[in-house]
Structures are given as structure tokens and as C-alpha cells.
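So the protein lines, in turn, are chains A and B. Going from the first sequence to our numbering is simple: count from 1 and add 263. Going from the second sequence to our numbering is simple: count from 1 and add 2.
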Amino acid sequence: MNIFRLAGDMTHLASVLVLLLKIHTIKSCAGVSLKTQELYALVFATRYLDIFFNFVSFYNTIMKLIFLGSSFSIVWYIRRHRIVRRSYDKDQDTFRHLFLLLPCLLLALVINERFTFKEVLWTFSLYLEAVAILPQLVLLQRTRNIDNLTGQYVFLLGAYRALYILNWIYRYFTEEHYVHWITWIAGTIQTLLYGDFFYYYFQSWKNNVRLELPA
Amino acid sequence: GSAVTEHDEL
């Protein structure tokens, strides 16, 4: 494992912990998109299905369990927790799941590395992860006041994706037969979606003002 | 060997 991959995974882990910490301690999910969180739970459920029959490393298995556990916990908090669920702004979080789910499913059935159940599900999870942040970005744009933790959560997620691209470039030049077009294209599109957010995030950081996205 | 369907990333 190279340093970019490790840094990417740690950033990903940090993003999830920041979100869980916010929800658990402040008992509020204001500004958090349940739609995005549900899509991530589905992304991890479909991608890490191989946890039972494909052992890669102890590290991978532990990380998969953490991402599965944390994503389903976050969904549970927003939907079921007595106090947290009151802060969920349903009227602002209006993005339609199916809008993203169906195209991803169709695309995974048509464009995949191998037409097997496991492989189609894995590919579906890649496509879905690429666009799962959209409901959250739309919600951020609608919410005038973005609190620090929500901003940091999205920033860390974007950083994780950018680090994964560096990891692919590194692996491409250091490993033989390391070619994963589908992963790379889906991952690059995913990272580009953060471009706008990154721009405003750094602006607010540089000028030391509250993060606000233009409508 | 071919790494086409080896998924060792998260």
C-alpha cells in the first residue's frame, strides 16, 4: 500500500468520524443530506458484499466493517434517533434517489469488466459512489448557513477522492497490469464534482469567513 | 497475471 492510498483511506475515515461525532455530540443532523447517506450505505453494502468470500487483507476487512457500520449508523441516527431526527430538514433534502440509482444500475449492467453478479454490483457501487454526493451538494447550496463540521465533512470526502487519484497514478507507474478504466473514470468524475465546493471552501478559509455557496 | 477483477482498494 502506498502513502496516497493510506492517506486517502484515513481522510475517508476522518470524514465519516467527523460526521458521526457531529451527530452524536451535538445531537443534530442539520445540513446533512439523508439521501446522500442512504446512497453511501447502499454503495458500501453492494461493494463490500465480497467481505464474506474475498479476503484481501486484515486492514481491508476492518476498514470495510467500519465503513459499513458507520454509514448505517448515520442513516439510523437521522431516521430513528429520538432527538437527532427532529433536526433533519426533509423539505430541503428533496433529491430523488431513483434519479441516480436507475442510471447507475443500467450503466453497470452494460459497462463492466465482467458480467457476473459480484462484478456488476461492484461496478454499480463505483458509479453510485461517483454521484452519491450530489444530494449533499444541492442541500449545501440551499442551506445558507453551513456549519463548520458539515463543511469539513464534505471537504474531507473530496480530499479522499483526490488522494485516490494520486494513488492510481502511483500504482499505474509502479505496478504491472494495473489498469482499471472504469474505476478511474468514475473516480475522476466523482472528484470533479467537488471542484466548485473546493473553490468556495478555500475562499472562505483564506478570507476567514463562513462558508457559503452561491445559489 | 491479470488484475482485471482484483479489487484490493476500498
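Quick reminder that beta carbons are idealized off the backbone N, C-alpha and C, glycines included. What you are looking at is a predicted structure, and each value in this text was computed from that prediction instead of being measured.
| field | Backbone secondary structure at E392 of chain A - three-state DSSP | value | helix
| Cβ contact check for the segment 276-293 of chain A and the segment 333-342 of chain A: 3 or more pairs under 8 Å | yes
| request: Counting only runs of 4+ residues fully inside the segment 383-461 of chain A, write out the alpha helix (DSSP H) ranges in chain order. | output: 397-405, 411-437 and 444-455
| said: Quick check on the burial criterion: 16 or more other C-beta atoms within 10 angstroms. Buried or exposed for G421 of chain A? | reply: buried
| Anticipated Cβ contact below 8 Å, F267 of chain A with L426 of chain A, distance rounded | 5 Å
| Alpha carbon of F460 of chain A to alpha carbon of N471 of chain A, nearest angstrom | 16 Å
| field | Y435 of chain A, buried or exposed, once every other Cβ within 10 Å from all chains shown has been counted against 16 | value | exposed
| message | Tell me whether the segment 313-320 of chain A and the segment 407-423 of chain A touch, counting them as touching only if at least three CB pairs, one residue from each stretch, are closer than 8 Å. | response | no
| request: Closer than 8 Å by C-beta to A277 of chain A: which residues in its own chain qualify, once you throw out the five before and the five after it? Chain order, please. | output: L419
| Three-state secondary structure (DSSP) of L12 of chain B | coil
| field | Per-residue contacts from K327 of chain A into chain B (C-beta, under 9 Å) | value | L12
| message | Alpha carbons only, please: which of A:L280, A:L372 and A:F380 is nearest the one belonging to L331 of chain A? | response | A:L280
| query | Of all Cβ atoms in chain B, is any one closer than 7 Å to the Cβ of V306 of chain A? | reply | no
| query | First and last residue of the alpha helix (DSSP H) that includes G271 of chain A? | reply | I266 to I289
| If you drop the 5 nearest sequence neighbours on each side, which residues of the same chain put their C-beta closer than 8 Å to that of R473 of chain A? | N408, I409 and S467
| task | Specify whether the segment 446-456 of chain A and the segment 390-400 of chain A touch according to this definition: at least 3 beta carbon pairs, one from each stretch, less than 8 Å apart. | result | yes
| Nearest to D352 of chain A (by Cα), restricted to the options A:Y433, A:T437 and A:G294 | A:G294
| query | So which residues on chain B does V319 of chain A lean against when the C-beta distance must stay under 8 Å? | reply | H9 and D10
| request: Could you list which residues in chain B have their beta carbon closer than 9 Å to that of R268 of chain A, in chain order? | output: E11 and L12
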